[in-house]
Amino acid sequence: MNTLPTVPSPRSRPTKVSRAIKTAATTLMALTALATSAPASVPASTIQHKAAETLRCRLHTVPGHPITFTPKLTLQPRTTKVSGSLKLTDCTSPDGKYAQLRTGSGEASGTGQASCGGASGINGSAAITWYDRSGRSLGTSTLKPTLRSVNSYNPADSFLAGEVTRGPLAHLHAAGSITPTSDVTACTSSGLRSLHGTGTLRFLR
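According to mature numbering (1 follows the signal peptide of the UniProt record, and there is no 0), the sequence shown holds residues -40 to -1, 1 to 165 in order.
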């Protein structure tokens, strides 16, 4: 007797809305280089346990100035420009090496083949200007992403790949997580032009 194939229950199937959430936040994360230095095939949690954290900051988009997608994200993959501003606050240095870095102001931009279902060909950079407790500028770090494609995303904790190439924290790797705080469900209908998000950013030795 032939056996019918098992059909996953509706709950086990990813919805278009969940894929839209994945793409929006992963594109944001990739182009701002919030990540570990691990290859995509290596679990980020494994790498983080082996690396020493030297700086940790809270991260959020700037109120009134979300991350933008041009043209807007839709179901159709196409070359998309991503840009936006980021704020880093409550920075702490577990090993004390960068205790003077207390806050930061960042700008990110880049391009990729993006849609509501995924992103690839990611290329971009981010710059973070650091400030001490009194608000005095301590220099600018340039971050460069190393992960070139994104096929999945956990809205609560995404790990991508990047490195500080210049300025304070040069040659260190960045690791982060971000969660969208704005509604991204419109991606599969009218399209997604922007999003807000919040999370953490860590720098590892």
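Backbone N, C-alpha and C fix where the C-beta goes; we use that ideal spot for every residue, glycine too.
Computed from a prediction, not measured in an experiment: that's the story for all the values here.
Keeping to the same chain, check which residues put their C-beta closer than 7 angstroms to that of residue i; ignore five residues upstream and five downstream.
i	result
Thr39	Thr71 and Gln73
residue 167	The chain is shown only over -40 to 165; residue 167 falls outside these bounds and no answer can be derived.
Ser154	Pro26, Ile27, Thr28 and Phe29
Gly56	none
Arg165	Ala11, Ala12, Thr14 and Leu132
Let me make sure I understand the geometry here. Which of the options has the alpha-carbon closest to that of residue i?
i	options	result
Ser142	Thr21, Arg16 and Ala11	Thr21
Leu19	Pro105, Asn83 and Thr63	Thr63
Ser45	Ala68, Ser80, Asp92 and Pro37	Ala68
residue 166	Ser65, Pro140, Tyr91 and Thr148	Because the chain is modelled from -40 through 165, residue 166 falls outside the range shown and cannot be assessed.
Ser75	Phe29, Leu129, Pro54 and Ser53	Phe29
Ala79	Lys41, Leu61 and Gly99	Lys41
Phe163	Thr100, Ile27, Gly56 and Ala135	Ala135
Count the other CB atoms within 10 Å of the CB of residue i; is the residue buried (16 or more) or exposed (fewer)?
i	result
Ala12	exposed
Thr49	exposed
Ser137	buried
Gly157	buried
Asn83	exposed
Thr(-9)	Unreliable placement is indicated for Thr(-9), whose pLDDT of 46 sits below 50; no coordinate value is reported for it.
Gly159	buried
Ala130	exposed
Pro140	buried
Pro54	exposed
Pro(-31)	Note that Pro(-31) scores 43 on pLDDT, short of 50, meaning its location in the model is unreliable; the coordinates nonetheless yield the value given after this. When all chains shown are included, Pro(-31) counts as exposed.
Gly122	buried
Pro128	buried
Ser149	exposed
Who are the Cβ neighbours of residue i in its own chain at under 6 angstroms, not counting the five residues just before and after it?
i	result
Thr125	Thr102 and Lys104
His25	Ser45
Cys17	Leu48, Cys51 and Leu161
Leu81	Strictly speaking, residue 81 in this sequence is Gly, with Leu absent from that position. The answer, listed in chain order, is Gly72 and Gln73.
Just curious, the beta strand (DSSP E) that residue i is in, first and last residue?
i	result
Pro31	Ile27 to Leu33
Lys57	Lys57 -> no beta strand (DSSP E), and no H or E assigned at all.
Gly44	Arg38 to Thr52
Leu15	Glu13 to Thr21
Leaving out five residues before and five after residue i in sequence, what residues of the same chain have Cβ atoms less than 8 angstroms from its Cβ?
i	result
residue 172	Within the shown structure, residues of the chain are numbered from -40 to 165, placing residue 172 beyond reach of any answer.
Gly99	Thr89, Trp90, Gly127 and Pro128
Just to confirm the assignment: which complete beta strand (DSSP E) runs, minimum length 3, are found wholly within the segment 131 to 164? 133 to 140, 152 to 155 and 157 to 164
Uninterrupted beta strand (DSSP E) stretches inside the segment 72 to 105 (no shorter than 3 residues): 78 to 91 and 97 to 105
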